[in-house]
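Quick note: the sequence shown uses the working numbering, first residue -5, plus one each step.
For every residue, glycine included, the Cβ atom is placed at its ideal position computed from N, Cα and C.
Just so you know, these numbers come straight off a predicted model, no measurement behind them.
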Amino acid sequence: MADGKSAAGALIVATPIIVVASIFALVLLFMTGGGSAAACVGGAGTVDPQKVPTEPVAGYSGEQLTNAALIMNAAVPLGLDRQAQVIGVMTAMGESSLRNIGYGDDINGVTNPDGTPTCSLGLFQQQWCLGSWGTRDQVMDPTSAATQFFTRLAAVTDWQSLEPTIAAHKVQRNADPYHYEKFFDAANQVVTAIAGDGASGGGCSGNGKIVYPLGPGFNMTDDYGPRVIDIPGASTWHPAVDLQHWPNNCLDQIYSISDGTVTYIGGIQLTIKSPDGWSASYLHMKLSDISVAVGDTVTAGEPIALVGNEGPSGGCHLDLRINKDGTTDSAIASLKAGEDLGGPPNSYGFVNPEEFYQAFGMELCEPDSCRRP
-5 MADGKSAAGA LIVATPIIVV ASIFALVLLF MTGGGSAAAC VGGAGTVDPQ
45 KVPTEPVAGY SGEQLTNAAL IMNAAVPLGL DRQAQVIGVM TAMGESSLRN
95 IGYGDDINGV TNPDGTPTCS LGLFQQQWCL GSWGTRDQVM DPTSAATQFF
145 TRLAAVTDWQ SLEPTIAAHK VQRNADPYHY EKFFDAANQV VTAIAGDGAS
195 GGGCSGNGKI VYPLGPGFNM TDDYGPRVID IPGASTWHPA VDLQHWPNNC
245 LDQIYSISDG TVTYIGGIQL TIKSPDGWSA SYLHMKLSDI SVAVGDTVTA
295 GEPIALVGNE GPSGGCHLDL RINKDGTTDS AIASLKAGED LGGPPNSYGF
345 VNPEEFYQAF GMELCEPDSC RRP
C-alpha cells in the first residue's frame, strides 16, 4: 500500500521524487579474459523477462516471475544493487503477489485518513490519484512503477543498513512496518533464480566477472601488508584489506565477489573458490550470520553473510583476502603474494586485493568515494 493507506488511518506522506541516477549510478565494468566487458551494479544485472524460470520459484510462476524480472531491471539504470532488487520484489510480493492488478484495497472499504477512497493500483499499489506516483497508466506499467519505487528507496537515508521490511515501509508508508518481512526469503529466491536463468551478457554471472563485497559507499580501514596494530592476536602483516560502511557497519550484507563454490566455513571465516582457481575469504562474521554452506555454488553478487566483529578485531568490518594458489588466470597468477614481499607464512599465496581488482579493470577503493587508512 503506497502512501499511507490503512484502516487505522496512517498519515499520508508524499515523499518528493528525487532524481538520484547521478548519485547512485555506480556502474562497474567487469572484464573477462576474452577482453569483453559486462556492466553490473553491486551484484545487480539486467535480465531477460522472456527467459524467467519455467518452474515455480518459492510459489511464484509465469507472469509473476516476468513482473519480478521487470522490477529487477528497473533498479539497474539507477545504479542500485542486488539488495535493492530483492527489496523491490519483496515489496511487490507484499502488495500484489507480483500481479499487475487494476484494483486496490478500496474494494475492501479502506480509505485515506481524510475519508477519501484510495486509488492504489499495480504491482506496488501506488496511489495514482495523489499525483506524486504518476498517472494511472504509469502506475500500471511495471517498469515505471518500479522506477518510482526505487527512486524513493534510494532517497531513504541509509536504506542499505535498514532491515529490508523497514526500508520498504519508508517508501510505501503502510500501516505495518513489518508487513513485508515474511516475503524476504521468497524474494531472495526469486531474484537468485531469475538472475541465474535469465541474466544477459550485462549481468553479474559467469567466469571472469567480479563485484564488490559490500554495497556502494564503503571505506577501507586497513590495507594490505605490514602494519602496526595493538589488537591482541591480530597479525602485524595483514594479507588482506579491511572494509566497512560507517556508521552502520555491523550486520552489513556481504556479497560473494564472484561465481564459485563454498569450500570452507569455520571459526570466523568463509572461503569461496572461483571457477578460475583463486579463492576469496571473508572474515570476522558470526557463523550464525553465514547464509551459505560448504559445497554450495554461488553467483557473483549473491548474499553470503553479514559483517561482524568476531575474533581479533577492533570493530565490525569485513576482512577480504584473495589467495591465488591454483589459479588458471595468468593475470592473477602474476600478482605478487606475501612470500614475494617478505611476509610471514600466513601471508603466502595471498595477493593484494587492490591489485587483484585492478587486474579486472576495477578500483577497490575509488579515491573520490572511498576513504583510506
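Discussion item. Does the CB of LEU59 have a neighbour CB from chain C at under 8 Å?
Written reply: Absent from the structure: chain C. Only one protein chain is present.
Discussion item. Strictly by DSSP, which residues pair up with MET214?
Written reply: Here residue 214 refers to the residue found at position 220 of the sequence shown. Answer by DSSP bridge pairing, in chain order: LEU237.
Discussion item. Checking 8 Å against the spacing of the C-beta atoms, do GLY88 and ILE65 come in under that value?
Written reply: Mapped onto the sequence shown, residue 88 falls at position 94. Mapped onto the sequence shown, residue 65 falls at position 71. Cβ distance not < 8 Å, so GLY88 and ILE65 don't count as in contact.
Worksheet item: Are the beta-carbon atoms belonging to ASP313 and ASP362 less than 8 Å from one another?
Response: Here residue 313 refers to the residue found at position 319 when the sequence shown is read from its first residue. Here residue 362 refers to the residue found at position 368 when the sequence shown is read from its first residue. No, the pair does not count as a contact, with Cβ atoms beyond the cut-off.
Worksheet item: When you compare only the Cα positions, how much space is there between VAL150 and GLN166?
Response: Along the sequence shown, read from residue 1 onward, the residue named residue 150 stands at position 156. Along the sequence shown, read from residue 1 onward, the residue named residue 166 stands at position 172. Our two residues, VAL150 and GLN166, have alpha carbons roughly 11 Å apart in a direct line.
Discussion item. Whole angstroms are fine: how far does the CA of TYR172 sit from the CA of GLY29?
Written reply: Reading the sequence shown from its first residue, position 35 is the one you call residue 29. Reading the sequence shown from its first residue, position 178 is the one you call residue 172. Interpretation of GLY29 is limited by its pLDDT of 27, a score under 50 that renders its predicted location unreliable; the figure taken from the coordinates is listed afterwards. Cα to Cα, the separation comes out at about 46 Å.
Discussion item. Can you look up THR85 in the DSSP assignment and give me helix, strand or coil?
Written reply: As a working note, residue 85 is residue 91 in the sequence shown. Looking at THR85 - three-state DSSP - the assignment turns out to be helix.
Worksheet item: ALA148 to LEU74, Cα distance in whole Å?
Response: In the sequence shown, counting from the first residue as 1, residue 148 sits at position 154. In the sequence shown, counting from the first residue as 1, residue 74 sits at position 80. If you take the alpha carbons of ALA148 and LEU74, they lie about 8 Å apart.
Discussion item. Looking at the strands, I want to know which residues DSSP matches up with VAL292.
Written reply: Translated into positions along the sequence shown, residue 292 becomes position 298. GLY254, per the DSSP bridge assignment.
Worksheet entry | Of the residues ALA180, VAL345, GLU333, the one placed nearest ARG315, counting alpha carbons only | Along the sequence shown, read from residue 1 onward, the residue named residue 315 stands at position 321. When only C-alpha atoms are compared, the closest one is VAL345.
Worksheet item: Grouping DSSP H, G and I as helix and E and B as strand, with all else coil, what is SER282?
Response: Locating residue 282 in the sequence shown gives position 288, where the first residue counts as 1. DSSP places SER282 in helix when its eight states are reduced to three.
Item to complete: Taking 8 Å as the cut-off, decide whether the C-beta atoms of GLN132 and GLN247 are in contact.
Response: The residue given as residue 132 occupies position 138 in the sequence shown. The residue given as residue 247 occupies position 253 in the sequence shown. Not closer than 8 Å, so no.
Fill in: Rounded straight-line distance, which links the Cα of LEU117 to that of ALA86
Here residue 86 refers to the residue found at position 92 when the sequence shown is read from its first residue. Here residue 117 refers to the residue found at position 123 when the sequence shown is read from its first residue. Taking the straight line joining both Cα atoms gives about 5 Å.
Worksheet item: Buried or exposed: where does GLY37 fall if 16 or more other Cβ atoms within 10 Å of its Cβ makes it buried?
Response: By 1-based counting over the sequence shown, the position of residue 37 is 43. Any reading at GLY37 needs caution, since the residue's pLDDT is 49, under 50, leaving its predicted position unreliable; the model's value is listed next. Answer is buried; the Cβ neighbour count reaches 16.
Worksheet item: With respect to the beta strand (DSSP E) encompassing PRO297, which residues constitute its N-terminal and C-terminal limits?
Response: Residue mapping note: residue 297 aligns to position 303 of the sequence shown, counting from 1. Run containing PRO297: 297 to 300, per the beta strand (DSSP E) assignment.
Worksheet item: Is GLN238 buried or exposed, if buried means 16 or more other CB atoms sit within 10 Å of its CB?
Response: Mapped onto the sequence shown, residue 238 falls at position 244. Buried, since its Cβ has 16 or more Cβ neighbours within 10 Å.
Fill in: Counted within 10 angstroms of its Cβ, other Cβ atoms place PRO297 as buried (16 or more) or exposed
Counting from 1 along the sequence shown, the entry for residue 297 is found at position 303. Buried, by the Cβ-count rule.
Worksheet item: Between the C-alpha atoms of ASN168 and ALA62, what's the straight-line distance to the nearest angstrom?
Response: Within the sequence shown, residue 168 is the residue found at index 174, counting from 1. Within the sequence shown, residue 62 is the residue found at index 68, counting from 1. Using only the alpha carbons, I get a separation of about 21 Å.
Worksheet item: Who are PHE344's beta bridge partners in DSSP?
Response: The residue you call residue 344 lines up with position 350 of the sequence shown. ASN317.
Worksheet item: Between the C-alpha atoms of VAL13 and GLU348, what's the straight-line distance to the nearest angstrom?
Response: Start at 1 with the first residue of the sequence shown, and residue 13 comes out as number 19. Start at 1 with the first residue of the sequence shown, and residue 348 comes out as number 354. No answer about VAL13 holds up, because its pLDDT of 33 lies below 50 and its placement is not dependable.
Item to complete: Please classify GLY302: is it buried, with 16 or more other beta-carbons within 10 angstroms of its beta-carbon, or exposed?
Response: As a first step, residue 302 is located in the sequence shown; it is residue number 308 there, counting from the start. Answer is buried; the Cβ neighbour count reaches 16.
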